[in-house]
Structure formats: C-alpha cells, structure tokens
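Protein chains: 2
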Amino acid sequence: MTSLMLIGVRYYHTWSIVKKISLEVCRAVGEITLLYTHTSRESLKMELLADVCLLPGEDRIIDKDIIYICPFNGAVKGKVLITNYRLHFKSSDPDVPVTLDVPLGAISRVEKMGGASSRGENSYGLDITCKDVRNLRFALKQEGHSRRDIFELLFRHAFPLSHGQPLFAYVTQEKYEENGWNVYKPIEEFRRQGLPNNKWRITFINKNYELCDTYPTVLAVPYKSKEEDLRRVAAFRSRGRIPVLSWIHRENQAVIVRCSQPLVGMSGKRNKDDERYLDLIREANETIKLTIYDARPNVNAVANKATGGGYEGDEYQNAELIFLDIQNIHVMRESLKKLKDIVYPNVEESHWLSSLESTHWLEHIKLVLSGAIQVADKVSSGNSVVVHCSDGWDRTAQLTSLAMLMLDSHYRTLRGFQVLIEKEWISFGHKFASRIGHGDKNHADQDRSPIFVQFIDCVWQMTKQFPTAFEFNERLLLTMLDQLYSCRFGTFLYNCESARDHHEVRSKTVSLWSLVNSKMDMYLNPFYTPESGRVLYPVASMRHLELWVNYYIRWNPRIRQQQQSPVEQRYKELLALRDEYLKKLEELQLSDSSPSSRLANSSTPNTSSTSSTPSQQYTHLHTPF
Amino acid sequence: MTSLMLIGVRYYHTWSIVKKISLEVCRAVGEITLLYTHTSRESLKMELLADVCLLPGEDRIIDKDIIYICPFNGAVKGKVLITNYRLHFKSSDPDVPVTLDVPLGAISRVEKMGGASSRGENSYGLDITCKDVRNLRFALKQEGHSRRDIFELLFRHAFPLSHGQPLFAYVTQEKYEENGWNVYKPIEEFRRQGLPNNKWRITFINKNYELCDTYPTVLAVPYKSKEEDLRRVAAFRSRGRIPVLSWIHRENQAVIVRCSQPLVGMSGKRNKDDERYLDLIREANETIKLTIYDARPNVNAVANKATGGGYEGDEYQNAELIFLDIQNIHVMRESLKKLKDIVYPNVEESHWLSSLESTHWLEHIKLVLSGAIQVADKVSSGNSVVVHCSDGWDRTAQLTSLAMLMLDSHYRTLRGFQVLIEKEWISFGHKFASRIGHGDKNHADQDRSPIFVQFIDCVWQMTKQFPTAFEFNERLLLTMLDQLYSCRFGTFLYNCESARDHHEVRSKTVSLWSLVNSKMDMYLNPFYTPESGRVLYPVASMRHLELWVNYYIRWNPRIRQQQQSPVEQRYKELLALRDEYLKKLEELQLSDSSPSSRLANSSTPNTSSTSSTPSQQYTHLHTPF
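Order-wise, the sequence lines are chains A and B. Taking full-length UniProt numbering, I'd label the letters of the first sequence as residues 1 to 625. Taking full-length UniProt numbering, I'd label the letters of the second sequence as residues 1 to 625.
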C-alpha cells in the first residue's frame, strides 16, 4: 500500500497506519478524520498515539501497551489511549494495521476477563460491550495487576453519571459556524404548516410543564377546546400526555394527533371530557370517523388495563380503533440482541436467511413501516387520525414521524429532517436517556431499547426505496446513530424538554446539527429531486426490506464497505461537468449578446452542485401492502 | 386513468385496455408493444383482439370467449387468441383490464382441468404451466365440449416438434437492419485475444465435427500438440470434449481451458496422452501447478466412475484438483421449482426469508459465482486453469463464462456479451434444446434444467454489485430469458453447432442479436463506465446476493415493478443536459475564436449519450470470499 487518504472514516478498523494528522483537518471535516500514509517501522513507535486528533476539551487520561483480541485478525499488539471522550487503539505492527476509535459513550459494559490466576495466552484483560453492535476484548500482562488502573479509569469515564461526573457534552469546547439549537422553533414550524387557523390554536398551557412534564411547552389543540378541558383530559391520559396536533394536511386539513393511552383501567372507566375532546379533533375537518391507531398488539393493550391503562372502547362514538401490532421496547431490545449475535463478530453464512428471519428484526421494521403507511394513507385521503401506544413516546414517535416523512416533503430535506427529529422525538419526550443509558453503568437496565435505531433503520429503508426523494444521505443516518451514543452533543441527552431545560442543554452543550449544518455537503444526496406534492408509500413487505448491512455489519472487514457507490460518483462527476459547462457558457455569453444568451435564464437549472433539473410530474406511487 | 403509453411491456399483466396498436410501433420497438388509451365500453367489444400486433409470418389459429382464472383478480371474462406464435388474452370488462401475451414456446405443459361431469363454477377448462415461472388457468363453458378444439390446437402449436411441425423461428418473416449472425466470428475473437501465438495454435481438426460432434469447428490448442494427440485425448474425454483454450490473459498468458471429465472409470484407467496434453497446457505459460477445477461435488465425481467417468488423480503430476461443489442439473431444476412454489401465484410473506433459504436457489447461485471467482483469481495471478464437470456443457459453461466476464471487460459490453454467449454457451454445445425442451411436449423430461437462467441470474448479481461496469442493462437479461423460450429466434435452438448447421439455423432463422442490435439504445446502461483493465470480483456471500425479483416475481402485480429507477432517469436527464450545453458551447465557439474554444478539444468527453467522463484509476476490488 503506498499512499491512501481516507476522509471521514470513524471508529472503523482501518488497514493502514496513522502517520500524521492535523487538527485543522479534523476541524474542517468536523469528525475524527485520519490521514494515513505509509510509515517506516522505526518512526512508527515514536508516533504511536502522538498523532490522535483530540477534540477541544478532550484530555488524555491514560495510555498503555495492550493486546487487542481482534475477532478478524487475532491478537494484535499495540497501544491504547483513553481520554475523557474516547478509547483509541492502534497496533504497533505495521503489517497488521488496526485502529479502533470508540467514543466512551458507545460503551455499555466493561468487565474484567480472566482472574489473577487465569491461564492461557491473552486470557487476562478487559471485555467491553458496545452499544453499536460490537464487542472489544483486550488482553494485558498478568503481572502487577496491570489492568486495575485502566479498568477503573475506563469504568469511571465511560459512565460519568454513575460517578457524579458530567457528560462529555458539557466538557467539550467545540465551536461551529452554525448554531444547531436554532434549527427547530415550534411556532415557526406550526406556521409553516399553516397553524394556527380557525380550527386549531396554539396553547402555552404547558409553559411550566405543569400540564404534562414530558411534553414540550408549545402545543396545538382544537380551537374549540378550553384550557380546563385540556386539564381534565390530561387526568385521563397516561402521564398527562393529552392528544395534541403533530401535523396537518395543507389541502384536506386532516391531522395527525398523538397522545398516550386513556386511563381506562380494569373497571373500564369513561371520561366524557376525553370523548368530547376527541370528537372536537374529528370535527375540525369534518372527518366522519376518527381513526385511532393503537400501535400495540391487541393483547398488550388489554393487558395494560391491569395497570390502569387501556384503549378507547365503543363509548368513543364516531371513532374506530385499529391495533397496529407493534411489539414493545423489550421485544425490540431482544430482537436487536439476536441480530448482533448473528452478525458480530462472525456472520452466520450457511443459514443466513433463516437466522436473519429468526431475529424478527426485519419483521418489526415491516410492522412499524406498515403502521406508518396506514396513518399516512388515511390522512392523505382526508381523514384525521390519533396515534398512541402506552405512553406515546416510543412507537407513537416512530409512527407519527414516519408518516410525516411520507406525507411532507419538507421533512425529507436535510434541515426538515432535523426539525422532524427535534419535534417528534426530542420535544415530545422520547426517553433518550433511559433508552440509551447515557453515562450510566447500569447496562442491564430494562428501560434500554433501540427504538430510535429502529426508526432510523425505517428511514434508511425508505431512502433505499426512493433514492431521489431525500436530500440527505446514508452518512447522515450513520452519523446520527453514532452521535446518539457518543455524548459529544447535547441533542440526544435527557428524556424530555423539562429535563433539558433543567440541565441547560441549549446553553451548555453543542447541538449535533451544529456539526451537520457546518458541513452540509457531506450529508447531501446528489440524486435528490425535490417533489413537493408527492406522498411516498414504501413497500413494507419482506421482499423489499433489506438488512442495513452498512450499519449493522460495518465492523466486519469482510463485508464490502459501500463508501460511495460508483453510480453516485459518476453522477457527481456529471453534475460538476454540467456546472463547468454552464460557467463557460455564461462566460462566453458575457462577451456575446447573441440569442443563445437567453439560455442562462430560461432552460437551465440552478448551478449549485446539489440542484436538480426541473422537477418531473410524478404520480403518487401507491403500492398495495 | 386517462392516457398512458407503455413501451416495451411484454407478457405482463397490464391494468389498462388495449385500444389501438400499429404495426409500425411494434416494428420500431422490435417487441410486442402495446399502446393503451382509455376506451369506451361500446367500442371495446368491437376492438377486442382486433388490435393485437402480430409478427410477420404469425397467423391466427383460433379465438374464443374464455374466462381467465387470474390468481390476483379472480375469474376474468374475455377473449383468447391463439396464433402459431402466441396465446393472447384480453379481458372484456374494462374495470378489470387484464392482458396476457405468452409466446407458445414458453408453455411447458397444457392439461385439461375438470372432467365433463365436473361441477363448481369455472372448474372446466385448461391448466397451462409455463417455463417462465407462472401458471395460467382458463375456464370454458361446459356445454358442447367447448374446450376440445382449443386444447388440441394449443397442444399442437405449443409443441410443434412433437407434431412434425417447424418451430416458429422457421416461420417468422421478421427483418432487421442488422444481421445478428455476424456478431460472433471465432477466428476474430481468438485474434482479439492475441491468438494464435507461439504457444497456442488454431486447429480445424473438428471442421466436420469428427473429433467431437458437440464442439465448434474452430478450436485453440497448445502449439506443441499434434493432431493425433488431440484424437487420442478425445478418446479419453467424455464425448470427445478435449481440453481446449477458451480465454487467454493478455499480460500473463495464463489460460482458461475447458473440457469434459476424463474416462477414468471404476478401474482407474490412465491415459498418458491426456496427462502429457494437460502438461503442455501448463507449460505454455510456465505455470508451476496447473489447477483443475472440477465443478462437481467430490462425491458426485467419484460416483461418475461407475459410468466410466471420473476425475484427474495423482497421476496428473504438476496439477492440483479442486472440487467446486456445484450440484447437477436435477438439483438445480428442483431448486427453481421450489422457488416457483413460494413466489407464484402468491408470495409467502410470513416466513419469506426461511422459505427462500429452503429453496437453496441463492445458495446455488453463490456456489457458481464463488467457483467462477476462484477461476478468475487464479488466472489473474498468472496460473493456467482447466475447468470441467461431467460433460462440460452446463456447470463448465457457467464457470468459464462468468470467470471471463470478471476478467475481460470486453465481455461486459453489449456486443462483447453476445460474443461470450455465442462462444461459451452456443458454440461449445450447451444443450439448449434438451435443457429448455423447445417445441417438445415431454414436460417431465429429466434433461430439462434452468442452467442458463441460473447463469443469467449470476450475471444479474454481478451487475447489481458493479452498477457501472456493464454496458448492457437488466432489460437485456430479461429479453434474453424471454427469447430463450419463445422460439422466435434461432439463437438458442438446438444442442450444438453441428445440429444447428444441419438445420440451417443461420440461413433460415433470425438471430436474437438482430433484434437487440437494431435497437441497442433500449439495452444500454447509462451508468456504464468503461475500465478496460479492471477485474471484477463480486462478493459471493448470502448477505450480498439478492433474489432477482424483477424476473422471478414479475407476474405478481403486488410487487413493485422497477421499470426505470428514478436515479437512472435523473442520470439520463443530466446526460442530455450535458450534451445540450456542449452543443451550445460549440455553436458559440463557432462564432467566437476566444481561448475558451479549446474546451471542446481538451477537457470534454465525447458527446454520445452512452459516453463517460475520463475513466478513473481504479484498483482491483478484491474482496475475500
């Protein structure tokens, strides 16, 4: 290997040797970026670890000679560096060039492996389980309790909240041109949707989080509902999460309303206020029958009655209830665990398809997507819907945000997608802290679950089926999932707005969107073709769903990494060529006032490299499911 | 539905109504092309079937009112037309617009369904099994033996060879601008490869098919071999199919040699001539050890000794034998049958992945591809190889042609691919007639097997993994598989060259390449980027192989048909735009001699719509398998 430059490769095994890395390059790319060149053995040891690009505010904690038990290359000698942000390993043997770069936030569990008396080569060391579908094993020399210090330091810094320490997001000194905290402004977003109007009003009843402590401060509710109605409804909805508007269809005025389950309980309690309130929602656009999508399997909804919950019964006139059969957080967690088992470290080859089926991961993806399709289809044909699960912060967020992604092309832009995440996930209280377990050592916590990962997987499935419909690319999705765990940005921290306010996230941490929007080029899909009116209905059948290999199996060096597809590369070249020609044409026309100078004004699309030819007339692609 | 024009839709269910079709359009597109517009109910009955576009030489045999038992729409009333080439059905109900267009050659079996006394609606009729992964059922009125005539006529014309009638390829009067029979000229192809040279000579020993009646007349053999050597070797190789050169590597002179198994038998016979001959092959480029790839599983190769066959033993010094574990024609036939069971008419959704696995179809694809990868890799690194199975006309053809497709970018062009098919499949005696059963009523013939379909599937897998490496598109592959059965062209008729000569195929029938090369635009991949030196190594792992939905599940209207991908569409638009700009630039430069007029000569690629920007420097993409 001679000289090879990899931009934007993060946390991957890399088969080259780090020689030199400049802080400027790191900052320019906005991520850990490694510049690899061939290095002599002599200079290697000198430079080992000296050239890791640390983030501003990131500090070295310890470094140590160590052996990485690589599942693909066997034992690899090298050096590990631990900072307050990352674990970095680099092999010292240039013939086995392995580099690891793992944010401590991605670690879910650190264990000692092998006792003091353990035998066998490399049996004494550390076993690290990661949240991002991989495990890491390191071996140390058995003499002198050599692992004691590294284990304790790693444990403390990987789980700062369990040790009374701040998350790295509060320590980092990163600065970006853009302030990502300005991406989402609830009132502006409602205004974009055409709200308030004569049917829907904006209320600030929750400005002190008194109506519902897991809801945002700004809510949209039926115009006819009074503040005291909202309070009475809140008493009948789990955790006060009342039905509020998430999205309204510009033409037909049908709405997506989200909430938690009604507190029906074993005795089958009724609440006239809740019933009347749902009817106000129905009336707002004269929907004949309001459709209530309960994300849960029927039996689970029934079982919830035992703990005071339940679902809307026949007493809700003018409404029909549909169960979407999506399993709960525990089932999803176990499914991803099974998936990890068949892809890491080795991919089960001989019975790949049936092994994949037995994880049920794609089946769950299918149910989530097909639920969202039903929501989108109903709204698209003019009927208002209510979506809930039990608490309305997991499956409900998946369904409403996916349906909105299908219905509203704005959310398919790079900035619009950020708004969607901020709105449906962050502001509406998806419990990121509990689901991910940021900085918390309690790896077996039953509240943890990959609900957001599953949602991003659904988005990825949509981008695969509609390769020109999304302004952002796969790299954005991968970056989001990596930063979901890293604790480098404030974006995914805490369970809800009120907690975020309390911990001053917006003033004390950096938003992930600051990074993304300072380097938008990296996250743009060159094939993007804006089509504002188009509703996307992905095919939610097993034959059309794929395992997201580039995410779940990316640590495996035997899986071909699809960095940039050759088609994408060709397309970008062609775009550049078009722009070059256009520039030359304009230059020629400046020195020439012939009739062809109309060209630049009439028949040419705009010249930015992300622009597109005039958008085509598409019909809705509605495929049966 | 208002007005909709579908070009190139063939044999599909179409959800529109045929109104008018002009012969010119048919001829222009070169296939059955239907022009659909909305039609009133009144005019419909009048026009039913009057507007089917017949081929020159195609004649009406019978038409009849009939009910098509559509697996997707239920019973559909309409009219069926049978000609000497096709079965055409059109529904008479404009609300259920179903059209079928099936070449009689695609029919493998016609059976009567329900006796004269059978009860139940639509239980009396015809059951038609097709070679192209579908079945058709028609119901007729029970009175007056109404199905007798249609059954007999269909049976006679679907299986003309069983009734002493000519295949339709001998009847059609189609004319094309290009003569596809000129595509492949063996000597020219050898010359392109750099042959003859001082190590390899061309021999005409087989000009009367006396050495081997299933081989072509022109063969390339080691320079040092004498004609009498070849005769002695032929006596020791199954059906006289001696080892001959198929391809030579321009730089390292390593060769791919193909043949049939040696006639070792139970007693373990040796043949010094055969051993010496293989050593001549090895010596030609000083390969240290000649690698013999036996496509079969080891046990099958051993079992073949019982019928006089076998494999090369230790007596072959300087050679190593590797079994590639690919199953025989019977296993492949049963595998595709199982695949048909899970995709037609209904796709098994709930256990899709494990059902797919249980057909083993993708596993067979994987073994064929990975065998070819091993051949290509060996040759690429300078070692000559011999490939055989039992007779050397099924698995051997798959392996050599796929390896050549990986190694030689010429075969990845539209014309080069035709040469590859003509050479490795047609001239080397893949038994198309026996495998497909052209015009033969004996549907249960054990010689039938989808070996060529499997090969085209492997090619499709490669085009998916290398979307810019092939000049041709998926439509070409689909067209080839449709015409494989249709008996409209002479290309895939008969088992070998000698039979083709005897039946005067080249003078009495039209070549499929006449159709293709008269309308090349339709079969070109816009993303194609020529890279002459690149060796393609696809990943032959289950995670990277896909079921070819657009072929195997295309009859199912619930499967989204991927006509042209939006990315492809965008790319073509951009190509057109580039060409437009380039033209304008040239116009401007004609009236202007400014320095920018250098543009057209230096930095611009050529302007044809299939051209590409300057080819990039790629390294070989060699992924472990």
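Every residue, glycine too, gets a C-beta built ideally from N, C-alpha and C. If you're wondering where the values come from, they're calculated on a predicted model, not measured in any experiment.
Original post:
In three-state terms, what does DSSP make of B:H410?
Top reply: Note: B:H410 maps to helix in three-state DSSP.
Original post:
Using the beta-carbon count (16 or more within 10 Å), is B:G268 buried or exposed?
Top reply: B:G268 should be labelled exposed.
Original post:
Can you tell which of A:L230, A:C212 and A:G416 has the C-alpha that lies nearest to the C-alpha of A:D391?
Top reply: With respect to the C-alpha of A:D391, the residue from A:L230, A:C212 and A:G416 having the closest C-alpha is A:C212.
Original post:
Counting Cβ pairs, one atom from each stretch, are 3 or more of them under 8 Å apart for the stretch 178 to 198 of chain A and the stretch 67 to 74 of chain A?
Top reply: Judged by pairs of C-beta atoms under 8 Å, the stretch 178 to 198 of chain A does not touch the stretch 67 to 74 of chain A, as fewer than three such pairs exist.
Subject >> Cutoff 7 Å; reference B:V218; Cβ partners in own chain excluding five residues on either side >> reply: Here the set comprises P186, I187, I202 and F204.
Original post:
Relative to the C-alpha of A:T83, which residue among A:R60, A:G194, A:T529 and A:V505 is closest?
Top reply: It is A:R60 whose Cα lies nearest to the Cα of A:T83.
**OP:** Tell me, please, whether the CB atom of A:P351 is closer than 8 Å to any CB atom in chain B?
**Re:** The residue asked about is misnamed: residue 351 of chain A is His in this sequence, not Pro. True, the Cβ-Cβ gap to chain B drops below 8 Å.
Original post:
Which two residues bound the contiguous beta strand (DSSP E) that contains B:K77?
Top reply: Looking at the DSSP string, the run of the beta strand (DSSP E) that includes B:K77 is G74 to T83.
Subject >> Option in A:F168, A:L136, A:R506 and A:G114 with minimal Cα separation from A:Q142 >> reply: When only C-alpha atoms are compared, the closest one is A:G114.
**OP:** Tell me where the alpha helix (DSSP H) around B:G371 begins and ends.
**Re:** Under the DSSP assignment, B:G371 falls in the alpha helix (DSSP H) whose first and last residues are W361 to S380.
Subject >> DSSP-derived helix/strand/coil call for B:I202 >> reply: When secondary structure is reduced to three states using DSSP, B:I202 falls in the strand class.
Original post:
Looking at the unbroken beta strand (DSSP E) that takes in B:P186, where does it start and where does it end?
Top reply: Per DSSP, B:P186 belongs to no beta strand (DSSP E); it is in the alpha helix (DSSP H), P186 to R192.
**OP:** Can you check DSSP and say which residues form a bridge with B:G125?
**Re:** The partner list for B:G125 (beta bridge, DSSP) reads B:M113 and B:A139.
Subject >> When A:L362, A:V233, A:V331 and A:K583 are compared against A:R448, the one with the closest alpha-carbon >> reply: Comparing Cα positions, the closest option is A:V331.
Original post:
Do B:T463 and A:R570 have their CB atoms nearer than 8 Å?
Top reply: Result no, Cβ atoms of B:T463 and A:R570 do not sit closer than 8 Å.
**OP:** Evaluate B:A306 with the Cβ neighbour count: other Cβ atoms within 10 Å of its Cβ, from every protein chain shown; 16 or more gives buried, anything less gives exposed.
**Re:** Classification for B:A306: exposed.
Subject >> Buried/exposed call for B:L476, threshold 16 Cβ in 10 Å >> reply: With 16 or more Cβ atoms within 10 Å of its Cβ, B:L476 is classed as buried.
Original post:
Taking Cβ positions only, does A:L399 come closer than 8 Å to chain B?
Top reply: Taking CB atoms only, A:L399 has no neighbour in chain B less than 8 Å away.
Subject >> Among A:N73, A:V52 and A:C53, nearest to A:W555 - alpha-carbon criterion >> reply: Scanning A:N73, A:V52 and A:C53 for the CA closest to the CA of A:W555 turns up A:N73.
**OP:** Determine the direct distance from the alpha carbon of A:Y277 to that of A:V257, and round the result to whole angstroms.
**Re:** In this structure, the alpha-carbon of A:V257 lies about 12 Å from that of A:Y277.
Original post:
With distances taken between CB atoms, is the gap from B:F417 to B:F472 smaller than 8 Å?
Top reply: Yes; because the gap between Cβ atoms is below 8 Å, this pair is in contact.
Original post:
Using the C-alpha atoms, what's the distance from B:D279 back to B:S225?
Top reply: Cα-Cα distance, rounded: 10 Å.
**OP:** Report yes or no: is there a C-beta of chain B within less than 8 Å of the C-beta of A:S609?
**Re:** Residue placement at A:S609 is flagged as unreliable, the pLDDT there being 36, under the threshold of 50; the coordinate-derived value follows with that caveat. By this cut-off, A:S609 is not an interface position.
Subject >> Sequence-distant residues of the same chain with beta carbon closer than 6 Å to B:H443, five excluded per side >> reply: The residues S108 and R109, in chain order, have a CB closer than 6 Å to that of B:H443 in the same chain once the five nearest residues on each side in sequence are set aside.
Original post:
Using DSSP with H/G/I as helix, E/B as strand and the rest coil, what is A:T468?
Top reply: Looking at A:T468 - three-state DSSP - the assignment turns out to be coil, as it is neither helix nor strand.
**OP:** Use the C-beta contact count for B:M46: other C-beta atoms within 10 angstroms, 16 or more gives buried, fewer gives exposed.
**Re:** At B:M46 the pLDDT is 46, less than 50, meaning the model places this residue with poor confidence and gives no usable figure here.
Original post:
Of the choices A:T491, A:A397, A:I326 and A:E587, whose alpha-carbon is the least far from that of A:H360?
Top reply: Of the candidates A:T491, A:A397, A:I326 and A:E587, the one whose C-alpha sits nearest the C-alpha of A:H360 is A:I326.
Original post:
With distances taken from CA atoms, which of B:N271, B:Q253, B:T214 and B:V255 is nearest B:F236?
Top reply: Looking at B:N271, B:Q253, B:T214 and B:V255, the one whose alpha-carbon comes closest to that of B:F236 is B:N271.
Original post:
Among A:V96, A:V52, A:S541 and A:L588, which has the Cα closest to the Cα of A:E363?
Top reply: Each of A:V96, A:V52, A:S541 and A:L588 was checked against the Cα of A:E363, and the nearest Cα belongs to A:S541.
**OP:** Go through its chain and collect everything with a Cβ distance to B:V535's Cβ below 7 Å, but skip five positions before and after it.
**Re:** Beyond the five residues adjoining it in sequence on each side, B:V535 comes within less than 7 Å, by CB distance, of A376, S380, M406, L407 and H620 in the same chain, given in chain order.
**OP:** Would you list, in chain order, the members of the stretch 467 to 484 of chain A that have their beta-carbon closer than 7 Å to a beta-carbon of chain B?
**Re:** Flagged, chain order: P467 and T468.
Original post:
Secondary structure at A:H502, three-state DSSP: helix, strand or coil?
Top reply: Judged by DSSP in its simplified three-state form, A:H502 adopts helix.
Subject >> Straight-line Cα distance separating B:K79 from B:R41 >> reply: With a pLDDT of 44 at B:R41, under the threshold of 50, the modelled position of that residue is not reliable, and the figure given next carries that caveat. Rounded to whole angstroms, B:R41 to B:K79 spans 15 Å at the Cα level.
Subject >> Length-filtered (4 minimum) alpha helix (DSSP H) runs lying within the stretch 214 to 263 of chain A >> reply: If we require 4 residues or more, the alpha helix (DSSP H) runs fully inside the stretch 214 to 263 of chain A come out as 227 to 235.
Subject >> Segment limits, beta strand (DSSP E) that includes A:Y277 >> reply: Secondary structure note for A:Y277: it is in no beta strand (DSSP E), and the uninterrupted alpha helix (DSSP H) holding it is K272 to A284.
Original post:
Just the Cα atoms here: how many angstroms apart are B:I421 and B:W513?
Top reply: Whole-angstrom Cα-Cα distance: 11 Å.
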